[in-house]
Each structure stands twice: as C-alpha cells, then as structure tokens.
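Residue numbers (this note's numbering), protein chains in the order written: chain A, 51 to 438; chain B, 169 to 747.
This is the structure in structure tokens:
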C-alpha cells in the first residue's frame with residue numbers, strides 16, 4: 051500500500067505578516083530554503099514520493115519554487131482559503147490511497163513521520179508552552195478524544211501538529227471547512243484516532259518564531275565552501291557558502307551559518323551562529339551579525355550590530371544600526387502578544403544610519419529616515435510608512 | 169539539463185526510445201541519439217531537435233536500447249558530441265544526464281592509458297572508464313566505477329556481450345518503469361506512462377541491473393529493494409509545474425533568470441574590443457530586435473557612441489561599409505537572418521559578438537565572441553524570459569562599458585520583477601480583452617519596450633496591437649483613435665513625463681480609454697487614466713525591466729481570458745531558421 055502526502059500551502063499566514071507580502075507562509079525561507087522544501091525533504095527521507103500540494107494565496111510563487119524540488123509534485127488550487135479541511139476537499143479527486151496530511155508551513159523531522167506512518171488513523175501531537183495558538187488535543191489512553199481549535203483558555207498543553215495519517219475512505223464524507231472539526235466528527239462517529247508524540251516539530255506562529263526555527267534548521271546543513279574566501283578569514287563550525295560569494299579578509303564566521311550566492315561580506319565582519327544570509331546580500335565592513343535571518347538582496351552598512359533580526363528581501367540598513375533582542379508586548383491583529391526579537395522587517399525597508407531597534411515590527415516598503423538617530427522599542431510600524 | 173530513456177523488452181526499441189525522447193524534449197533539444205543492442209551495438213545520433221526526427225531513423229534493430237536528448241554543457245552541439253558515447257571498441261554505449269565534475273582529471277588518466285576520445289563531452293569518460301574496469305561483467309565494472317566519479321549523474325549503459333540495461337543514479341533524476349515483460353528507464357515519468365503506470369524511483373547511489381526477466385537494485389554491492397509506485401495522473405501537469413501554460417511558468421522564472429543573465433557578464437568576461445568600439449551595430453529579429461533598440465537608447469547616452477539597430481532580414485540590403493562592432497542577438501542562435509548578418513560582418517573583417525541562450529549554437533560558431541544569457545530552455549513560442557535575459561545582459565554591458573551606471577541598481581532587477589507579480593491587472597486585462605485594436609505608446613527607451621508589449625499582445629491574444637512613439641501618433645494614427653481603441657502608455661516621471669502627459673490628454677479628448685503605467689502618487693495621471701498600473705522604481709533600468717514584465721502579464725492574461733492557445737500561437741514557430 052502506498053502513501054500519498056497532501057501538503058497544505060494555500061493559507062497566507064496573517065499572523066506572520068509582514069513577511070507574507072509576496073508569498074504564503076510555507077514559502078518563507080528558513081536556513082535559505084522555503085519551509086516547504088525542508089518538509090518535502092523529510093517526506094523523501096520516509097520514501098514518500100507521491101506528493102500533492104494545495105496552493106492558493108500567491109500560488110504562482112509557490113509553483114515557481116516547486117519546479118526546483120527534487121521530486122515531481124502535483125498542484126491543486128484552493129480558490130478561496132476557507133480552511134484546512136476545505137483545502138483537503140479540493141485535493142480529493144487526486145487522492146486514491148491512504149494519505150498523510152501536513153501543513154506546509156511546519157517542519158517535522160523524518161523520524162516523527164515514520165512513527166505516525168506506522169499507525170493507521172493517527173495524528174501527531176506535541177506539547178507547547180502557548181497551547182492556545184494551536185488546536186488543543188484531549189488524549190486518553192493514546193486515543194484522541196477531541197480537538198479544540200485555538201481555545202481562549204487551554205486546560206492542557208498537548209497540541210496538534212496538524213499532521214494526520216488517515217485512510218482515504220474517511221475522506222469520502224468530509225464536508226467541514228476545518229480539518230480539526232472534521233476529525234472531531236470522525237471521532238464522534240466512533241473512528242479511533244491515535245495520538246503519536248512528535249520527536250521534533252517546528253512551527254512559526256509569529257514572525258519572531260522564525261529565528262529559533264532558523265537556528266534549528268541550520269543544524270541540518272552540511273559544510274560547503276564555494277565562492278572566494280580570503281585566506282585570512284576565520285571560519286569555524288558548519289558553514290555553507292554559495293557560489294560567487296566573496297568573504298573578505300579578517301572575517302570571522304562561526305557556524306552554523308549559511309550564506310547564499312553572490313554575496314559580498316566586507317572585511318572585519320563577524321557572523322555569529324544561527325545566521326542565514328540569502329543571495330546577493332552585501333554586508334559592509336566592521337558589522338557584527340548573529341542569530342538572524344537575512345533574505346535576498348539586502349544591504350547592511352558598516353559598523354552595525356545585529357542580533358535576533360529577520361530582514362525581508364531588499365532591505366537597506368544604514369551605518370551604525372543596532373538591533374538588539376528585547377521582549378515586550380506588541381499588537382498583532384487586535385491582540386496584544388508577547389514578543390521577543392530584535393526586529394522583524396518586511397520587504398524593501400530602508401533604514402537610515404544610527405537607528406536602534408528592539409522588539410519591533412516594521413512593515414513592507416517602510417522608510418525609517420531619522421536624521422539624528424532614533425530608538426524604536428516594542429513598536430509596530432505598518433506597511434509603507436515614512437518615519438521621519 | 170538533458171533527458172535520457174532506456175528500454176528493454178519485446179518491442180523494437182528504436183521507436184519506443186524516439187517517442188520517449190520527444191516527451192523529454194523540454195529538458196533539452198540541441199541534439200539527440202539512440203543506441204540499440206542486437207548481437208552488436210548500433211548507434212544513431214545527430215544534431216537537431218528530436219521532435220523533428222524522421223520515421224526512417226527508427227530502423228535500428230534490437231529490443232534493448234538507450235536514448236538521449238541533449239542540452240549542451242560541455243562541448244558544442246554536434247553529431248560527434250551527441251550521446252550515446254562509446255568506448256574505444258564500441259563495445260559499451262552510455263547516455264548520461266548531469267555533470268561529471270572531475271572529468272578533466274579522469275580524461276587525462278585514461279588518455280595516458282591509451283584510450284582515444286572522440287568528443288569534447290564530460291560523458292565520454294564513462295564508457296572509457298568502464299572499458300578500463302571491465303573484466304567481463306558490466307555490472308561489476310559499474311559498481312567499481314561509481315567510486316571514481318564525482319558530480320551528478322544519471323547514467324544508462326548497454327554492452328555488447330549481454331542483453332541487459334544498467335542504470336546508475338546520483339543527484340540527477342532517474343525512474344524505472346515496470347511493464348509486463350518489458351522495462352523502461354527515464355529522467356522523468358512522462359515517457360513511461362504510455363506503457364505502464366508502475367514506476368520505481370531510484371535513490372542516490374543506486375545501481376540497477378535490468379534484463380527482460382526482471383531487475384535488481386544495488387547500493388554499492390549490497391542488494392536493496394525499492395518500492396514500486398502506481399501513478400494515476402497526466403504527465404503534462406508535471407512539466408508545467410502546475411502552471412496552466414509554459415508562458416506563465418517562464419514569466420514567473422524571470423527573477424532568477426535576470427539575476428543569472430546579469431552575472432553572466434563580468435568585468436573579466438566582457439570582450440575587450442567593446443571598450444574601444446567607435447560605434448556598434450546590433451542585428452536581431454523579433455523580440456531580440458526590441459532588446460537591441462532599448463540598448464541603443466541607453467547605450468548612446470551612457471557610452472556616448474552611436475549604435476545602429478537593424479533587422480536581420482534587412483541588414484543584407486544595407487550597402488554601407490562595415491567598420492564597427494556587430495552584436496547579433498538570437499535566443500535560439502539559429503535565426504537564419506541574424507546568422508547571415510554575422511557572416512556578413514565576418515566577411516567585412518569586423519569584430520562580432522553573439523548574445524544567445526543556446527550554448528554553441530550556429531551563431532556562436534560564426535561570431536568572434538559569445539555571451540551566453542543562461543535563461544534555460546524556453547518552450548513557449550512567445551519569448552518572455554529570454555527577452556528579459558537579453559535585457560539583463562545588455563543592461564549589464566552598458567553598466568560595464570560606461571563605468572558610470574552603478575550595477576548596484578541592476579542587482580535589484582529580480583526584486584523589481586517580484587514586485588510586478590504583486591500588481592493587480594484585472595481592470596487592464598478586461599479592457600484589453602474587449603478591444604479589437606490596441607495602441608501601445610511610449611517615449612525614449614520606453615518606445616521599444618512598448619513595441620515588445622504590442623508584439624506579445626498580437627502574438628498570443630490575436631488582438632491587433634500597434635506601437636508608436638508617442639510623438640508620432642499625431643502624424644497619422646490619430647485618425648484611428650476612438651472610444652473602442654484602448655491606448656496603453658508608459659508615463660513615468662522623467663524627462664519625457666510632461667510631454668507624454670500632454671499627448672495622453674489629447675488622446676483622452678477623443679474618448680480613448682487609457683491604461684497608464686505611472687507613479688502611484690501621480691494624481692493628475694490617475695485622474696486622466698481609466699486604469700493606472702502603479703510602478704515605483706529608483707532607476708530607469710529597473711523601470712524598463714518592470715514595464716516589460718507588466719506588458720507580458722497583460723498579454724498573457726488577455727489571451728487566457730480570450731481562451732487562446734498561448735504556448736503555440738497559430739502560424740508561428742519558436743525559431744525561424746529560414747530567411
């Protein structure tokens with residue numbers, strides 16, 4: 051009996067804005083590759099090659115990346131993003147075998163997948179410190195009794211990873227828009243769903259969660275040096291450097307770090323562990339960066355200190371910028387959420403010299419133009435704002 | 169990227185291989201070849217497209233064979249470099265997809281041992297290496313060989329002494345198809361589906377030995393088992409990766425394509441004589457001609473030298489003595505008119521440069537220098553990513569030659585295209601789809617950009633689209649304007665802005681619907697235009713790239729709304745190889 055995998059990658063992931071301007075959450079690059087790709091790699095490691103991806107929000111962007119995968123995948127469109135159950139119904143025509151359902155924006159390690167594949171009609175669960183962001187699962191004797199989606203007060207810490215392994219016959223009567231509702235209906239119809247604990251599972255609900263996800267996924271990289279690396283640069287640990295990148299003299303790079311293609315890392319730059327630098331990024335001399343995620347085409351000017359940052363595509367960071375980790379409450383949607391990061395920037399942000407960021411969220415295409423310097427702490431700045 | 173197929177069973181192998189290769193043509197199409205086994209090895213290979221093979225080529229005997237369609241990486245496309253390759257005595261034949269990274273080293277060693285190489289390819293080391301290691305058992309030889317090879321490869325091999333097929337895979341795709349008394353191997357499943365829906369995916373490092381009776385798979389020398397999958401779906405969806413048409417897929421590939429194209433020209437690789445040129449002549453046809461015109465506007469002001477742009481087909485009627493550098497632009501490298509222009513340049517003893525997408529196509533053999541734009545195979549007849557790649561190369565050339573324009577802007581070209589993908593063009597598309605005639609107008613370098621936009625529109629949507637320099641409209645075409653003829657105009661802030669806005673007001677006074685590409689904050693323009701497509705870029709190079717992509721998407725979505733056959737428009741062919 052073969053297994054089909056259905057990856058749900060249609061949703062935008064509104065809570066992770068501003069990073070979803072030009073892509074759904076599943077496509078956000080972590081350790082220089084979209085989350086979806088890490089997931090597909092886990093599937094391949096389990097020998098699953100029949101993969102269906104449900105796309106919706108910015109679907110062309112997803113398909114454009116799927117072309118580069120090492121396996122051929124089929125694509126189904128979900129026109130309106132009504133929920134995970136509805137997404138599965140969209141793919142129903144292609145499903146002929148038992149199916150493994152996975153959210154495209156989570157990382158699950160291969161061994162967890164193998165565990166769940168051993169038991170028919172099972173789901174992957176884990177414990178989480180903030181269960182009310184997830185579907186809270188009530189388990190008795192290894193069986194799922196019920197799932198409550200995003201409760202205000204959660205009375206237990208076990209949450210659903212969104213990964214299910216189901217017989218395809220169960221799909222026939224499914225009409226619910228939410229997958230967790232559909233599973234509750236199945237349970238009420240006396241179908242037994244078993245719970246399997248995940249070894250390792252990473253989800254990013256809020257943008258700052260990407261920083262720890264990045265740190266974790268960087269552990270999977272294998273060292274490789276392409277590009278031109280100065281002999282006086284010091285490189286320690288697992289570091290991957292893409293072709294065409296230049297590492298100037300007296301750089302210090304401490305792995306795990308990944309650097310993409312055609313980057314220029316100036317002299318005396320220090321790159322600390324847990325850092326992903328995508329392609330065509332320029333880092334000017336005397337800058338220190340660590341524990342951060344820098345996407346394509348960014349420029350970081352000299353004498354800056356950057357920690358715990360997520361920089362979207364084509365951001366420009368001025369000289370003497372300080373980004374430092376901090377915690378506090380910021381408003382996301384209509385809720386105050388406890389956050390912990392240096393800065394999260396959308397695409398195309400311009401930031402002038404001498405700005406200090408702490409626990410701040412900057413929208414897409416913002417201009418931070420402070421002539422005499424500025425300190426931003428626990429702020430949310432919406433898209434296309436000009437800060438003078 | 170190349171495509172490979174293999175067959176062993178009861179049918180005559182040659183037709184099966186040719187049909188399979190046709191399915192894989194999207195992986196490469198500069199040369200092809202097959203080898204079959206029937207007591208001895210028979211080989212047929214030649215330069216050209218596999219889809220244009222003639223039925224009398226399928227007469228090779230035997231029910232076991234391998235085939236290959238090539239996209240050249242090492243060595244020019246030629247009959248000699250086409251796969252399959254053989255060892256010195258033609259006892260072993262091999263097809264290969266991927267790149268052997270240490271081939272130069274292996275080749276040197278094998279040569280020293282007395283092996284004679286016939287081609288320039290990396291692949292040819294494989295049969296010679298096998299010959300060297302072969303002690304009577306091809307499988308054992310291959311198991312030994314994989315330790316010598318570095319790089320990516322999917323290899324199929326047959327040998328004279330036995331009726332079986334051996335497959336090896338490492339970092340290049342290879343699937344086996346399991347039929348009833350017959351077996352297949354291919355780069356992807358599309359060639360197999362006509363015969364079987366049971367497939368087996370080889371993992372990296374796998375070696376499969378296939379005979380008519382069955383197959384065995386080894387990792388090194390240990391036998392392993394791989395699961396057989398059943399496939400129940402149509403293959404076309406795979407090649408297009410979920411996109412409804414190749415054209416849309418190619419449009420969405422452009423951010424990566426333009427970055428690659430820009431990096432294909434570096435201060436080290438640019439031909440030196442371009443720096444000394446007193447004038448240049450660009451010769452091209454179709455979309456490439458428009459790229460040439462854009463180059464002319466920008467290069468003349470940035471580099472301060474005159475640039476002539478000529479149609480390939482008209483160039484031979486120009487009798488002016490040639491003294492300057494000739495730049496020939498052709499996606500396929502086979503455009504007959506552009507080739508003859510380069511030839512004319514050679515006869516006049518001037519320096520020639522070719523800009524092409526196909527490594528060592530005809531044009532590269534005629535021209536003194538070649539710049540490869542690295543757009544990858546383009547399937548859709550309407551040029552999209554190859555045009556953008558040409559722009560990338562030409563804009564980079566201007567940056568390097570002038571030394572003034574910072575290439576910092578150019579490195580953001582991919583970002584600019586990504587931003588265009590976020591635009592909502594629905595209003596503009598519905599306006600275009602209703603029209604029978606559309607006018608595209610622009611000024612300065614945007615005039616050729618609009619020419620390209622109009623070409624795309626008429627090519628795939630079959631709507632009559634004309635482009636004019638905005639100032640020329642009043643000299644005649646004005647009489648055609650009516651409320652039924654939309655005008656698409658680029659009206660971005662810049663030297664031409666004020667006069668362009670005046671032109672648009674005159675047109676609007678005739679009741680013409682206007683689709684304007686302009687600044688979002690331009691309230692005057694947004695009041696004037698029926699539809700405003702907002703565009704915000706820092707540099708004219710990026711504006712040109714972005715407007716190009718907007719017009720491609722406009723043409724595509726209009727044609728899609730009208731239900732046209734987008735990838736293969738009526739009466740058109742991808743490369744025009746007759747004059």
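The beta-carbon is built from N, C-alpha and C at its ideal position, and this holds for glycine as well. Please read all numbers here as calculations on a predicted model, not as lab measurements.
Query raised in the report: Between the stretch 531 to 540 of chain B and the stretch 711 to 726 of chain B, do at least 3 Cβ pairs fall closer than 8 Å?
Result: no
Query raised in the report: Using DSSP with H/G/I as helix, E/B as strand and the rest coil, what is residue 338(B)?
Result: strand
Query raised in the report: How is residue 224(B) classed by DSSP in three states: helix, strand or coil?
Result: helix
**Report entry** C-alpha gap between residue 497(B) and residue 557(B), whole angstroms
**Finding:** 11 Å
**Report entry** Cβ pair count under 8 Å reaching 3, the stretch 200 to 208 of chain A against the stretch 105 to 117 of chain A
**Finding:** no
Query raised in the report: Can you find a CB in chain A that lies within less than 8 Å of the CB of residue 579(B)?
Result: yes
Requested in this report: Confirm, please, whether the CB-CB distance from residue 405(A) to residue 426(A) is below 8 Å.
Outcome: yes
Report task. Would you identify the three-state DSSP class for residue 449(B), choosing helix, strand or coil? Result -> strand
Query - Cβ neighbours of residue 155(B) in the same chain (closer than 7 Å, five flanking residues each side left out) - result: Given that chain B is displayed from residue 169 to residue 747, the structure contains no residue 155(B) and the question cannot be resolved.
Query raised in the report: Three-state secondary structure (DSSP) at residue 322(B)?
Result: strand
Query raised in the report: With C-beta atoms as the reference, is residue 135(A) less than 8 Å away from residue 228(A)?
Result: yes
Query raised in the report: How would you list, in chain order, the residues of chain A whose beta-carbon sits under 7 Å from the beta-carbon of residue 597(B)?
Result: Residues of chain A passing the Cβ test: none, with the nearest at roughly 15 Å.
Query raised in the report: For the putative contact between residue 531(B) and residue 510(B), defined by C-beta atoms under 8 Å, what is the C-beta separation to the nearest angstrom?
Result: 6 Å
Query raised in the report: Going by other Cβ atoms of all chains shown within 10 Å of its Cβ, with 16 needed for buried, is residue 515(B) buried or exposed?
Result: exposed
Report task. Count the other CB atoms, across all protein chains shown, that sit within 10 Å of the CB of residue 447(B); report buried if there are 16 or more and exposed otherwise. Result -> exposed
Requested in this report: Report the residue ranges of all alpha helix (DSSP H) runs contained in full by the stretch 221 to 296 of chain A; include only those spanning at least 4 residues, in chain order.
Outcome: 229 to 238, 259 to 268
Query raised in the report: Does the beta carbon of residue 383(A) come closer than 8 Å to any beta carbon on chain B?
Result: no
Query raised in the report: Within 8 Å (strictly less), CB to CB, does residue 590(B) reach chain A?
Result: yes
**Report entry** chain A contacts made by the stretch 407 to 440 of chain B, where a contact means CB separation under 8 Å
**Finding:** 409, 410, 411, 416, 417, 420, 421, 427, 431
Query raised in the report: Going by DSSP, which residues form a beta bridge with residue 537(B)?
Result: 521(B)
Query raised in the report: Using a Cβ-Cβ distance under 8 Å, would residue 707(B) count as near chain A?
Result: no
Query raised in the report: For the stretch 389 to 412 of chain A, which residues have a CB atom closer than 9 Å to at least one CB atom of chain B, in sequence order?
Result: 397, 398
Report task. Using a Cβ-Cβ cut-off of less than 7 Å, give me the residues of the stretch 368 to 399 of chain B that come near chain A, in sequence order. Result -> 369, 395, 397, 398
Query raised in the report: Would you say residue 83(A) faces chain B, with C-beta separation under 8 Å as the test?
Result: no
Query - Beta-carbon neighbours of residue 351(A), restricted to chain B and to distances below 9 Å - result: Result: empty, since nearest Cβ-Cβ is about 13 Å, beyond 9 Å.
Report task. Using a Cβ cut-off of 9 Å, pull out every chain B residue sitting near residue 294(A), in sequence order please. Result -> 431
Query raised in the report: Between residue 25(A) and chain B, is there a C-beta pair that is closer than 8 Å?
Result: Residue 25(A) falls outside the range modelled here, since chain A spans only 51 to 438, and no answer is possible.
Query raised in the report: Checking contacts by CB at 8 Å: is residue 316(A) closer than that to chain E?
Result: No chain E appears in the structure shown, which is made up of the protein chains A and B.
Query raised in the report: Just reading off the beta strand (DSSP E) that residue 498(B) is part of, what are its end residues?
Result: 493 to 498
Report task. Output the boundary residues of the alpha helix (DSSP H) element that contains residue 215(B). Result -> That residue, residue 215(B), is in no alpha helix (DSSP H); its beta strand (DSSP E) goes 208 to 215.
Query - Span of the alpha helix (DSSP H) around residue 363(A) - result: From DSSP, residue 363(A) is part of no alpha helix (DSSP H); its letter is neither H nor E.
Report task. Enumerate in chain order the residues of its own chain whose CB-to-CB distance from residue 165(A) is below 6 Å, with the five nearest sequence positions on each side excluded. Result -> 246
Query - Best match in 53(A), 73(A), 65(A), 401(A) for proximity to residue 59(A) [C-alpha to C-alpha] - result: 73(A)
Query - Range covered by the beta strand (DSSP E) that runs through residue 105(A) - result: 100 to 105
Requested in this report: Take residue 182(B) and list the residues in its own chain whose beta-carbon comes closer than 7 Å to its own, dropping the five residues that flank it on each side.
Outcome: 202, 204, 226, 227, 228, 233
**Report entry** Pair within 8 Å by beta-carbon distance, residue 296(B) and residue 263(B)
**Finding:** no
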